[in-house]
Every structure is written in structure tokens, then in C-alpha cells.
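Worksheet: one structure, shown below.
Residue numbers (full-length UniProt numbering): 1 to 254.
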């Protein structure tokens, strides 16, 4: 199905590739097959990378969850690294078992208000703590929604994980370093100038890209946000946030 989706997407934008690009959809049940499909979409279809919706369900009952921080996915990350393309991690609605256990008491927290960030931030931190960025130091990961809140809590995360080093923690650097070297974030759904400035201080402006998050937020609100920033940021910084960094990361000038 992923092959069909990618072919259809390529056909849909084929007459307007000066305005539209695409991320590959990948079935992550098998890391080797996913790697080969990513290679096909980049080389043959001109795709810009891949978009993964958090974990992959597996098993006859769909209750086995596959996370890409495990060694069996190294073949996939090697391909990503060789192709030099980014992978965008996006949240997904949790399986019903998790929803029942964690959100039955507060169902309005399901989705973007809380559940999405909790789920995906755990996966991203798994990539860090299980050494994926150490094994593949050229990887480029994009995480929306201001990094699913991780940069807001880097001091606590790094402090607590440092205590785990004697007990077999695999990562060789701290999470802050991975955000400054391997992970980019976007502003999608978080139009808060003070939060943006804090994250710039934490990970650097060169790790942050503008994005809107439609339909969860309105396009006019996103436009007002980026336009207002032009009055408080120097032109070079505003251009980097608004489009310059995205052009670089997605290699739109190639």
C-alpha cells in the first residue's frame, strides 16, 4: 500500500513540483523494505525524505508496537543517512489499550492537547537514549509542535539521564546535544513568541523552522505569527525561521 500511496502522491504533484514536495509514506514492519522504498522515492520520484507517524503497529491483534530505536532498524537509519534526507516524526492516535489505561479519566486530552506530545516525545527520547544518533551521526530528524515539548525540559531530562550512565545508558552525549546536531523542530501549532525565544536559547535558531499545523490551527493565525516576528527579529534570523532553514534541510535548491 505504501508504494501505491507514494506513486499516487508523485503523480498528483507532478505538474507543480516547483510548488509542492513530498515525504514518503513507509510501512515500517520491515526495516529493509522500508529502506528500499525510501531509496526508490528519493531517487525515482524526487521525494524530500519520509514522514513517520510515531510507532508501527504489528502482530495479529495489532497490539505489538514497533519503535525505531531498536537495532533491527539500523538498516533503515543507514539508508536515511546515506541518502542525506530528513525524517519527519509526526504523532499518531494511540492504540485503544493505551487510551483506555491513560486517558479514560480525561478523554479531552486525547489528541493534540496532551496525548500526541506524550507519545511522540517518548519515541524521540528513545532514539536518543538508545544510541541511534551515535550510530548514525549524520541523521536529520524533524519534530513538530516545538519539539513535542522536549526542549522546554532539557535541563531536567539531561540531569536525570546523567544519573543513568553507570547503569548502562547507551547514548554517548546528552539530549541537548542531539537537538543541536541531529534534531530540528518546527513551530507548528505553537505561536508563542516567548516560547520560541526560550527554545532559541536552548537549541539555537538554526534548529527551528516555521510551520502552521493546519487544520488543528488556522492559517491566518500562523500568518499573523510569522509576520509579527518580522518586527522583532533581524531580517537574517526571520528569513532563516520563515524559509531559509527549510530550504537547507530539505535541499530545495538542489
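Think of the CB as a built atom: it goes at the ideal place given N, C-alpha and C, for glycine as much as any other residue.
Inter-residue spacing [alpha-carbon to alpha-carbon] between residue i and residue j
i: residue 17; j: residue 247; result: 14 Å
i: residue 220; j: residue 231; result: 17 Å
i: residue 226; j: residue 196; result: 11 Å
i: residue 157; j: residue 54; result: 21 Å
i: residue 76; j: residue 243; result: 28 Å
i: residue 213; j: residue 89; result: 14 Å
i: residue 149; j: residue 121; result: 7 Å
i: residue 153; j: residue 108; result: 24 Å
i: residue 31; j: residue 235; result: 42 Å
i: residue 6; j: residue 29; result: 17 Å
i: residue 130; j: residue 139; result: 14 Å
i: residue 165; j: residue 15; result: 52 Å
i: residue 181; j: residue 68; result: 19 Å
Three-state secondary structure (DSSP) of residue i
i: residue 53; result: strand
i: residue 164; result: coil
i: residue 41; result: helix
i: residue 184; result: strand
i: residue 60; result: coil
i: residue 215; result: coil
Paired residues, beta bridge with residue i - DSSP
i: residue 159; result: Its beta-bridge partners do not exist; DSSP assigns none.
i: residue 24; result: 50
i: residue 208; result: 185
i: residue 65; result: 57
Count Cβ pairs between the region 41-50 and the region 2-13 that sit closer than 8 Å; are there 3 or more? Counting Cβ pairs under 8 Å, three or more are found: they touch.
Three-pair Cβ contact test at 8 Å for the region 127-138 versus the region 167-179: Three or more pairs of CB atoms, one per stretch, sit closer than 8 Å, so the region 127-138 contacts the region 167-179.
Report the start-end ranges of each beta strand (DSSP E) in the region 83-155 that is 3 residues or longer and not cut off at the edges. The qualifying runs are 87-90 and 141-143.
When the Cβ atoms of the region 109-119 are set against those of the region 63-75, are three or more pairs found closer than 8 Å? Contact between the region 109-119 and the region 63-75 is not established, with fewer than three Cβ pairs separated by less than 8 Å.
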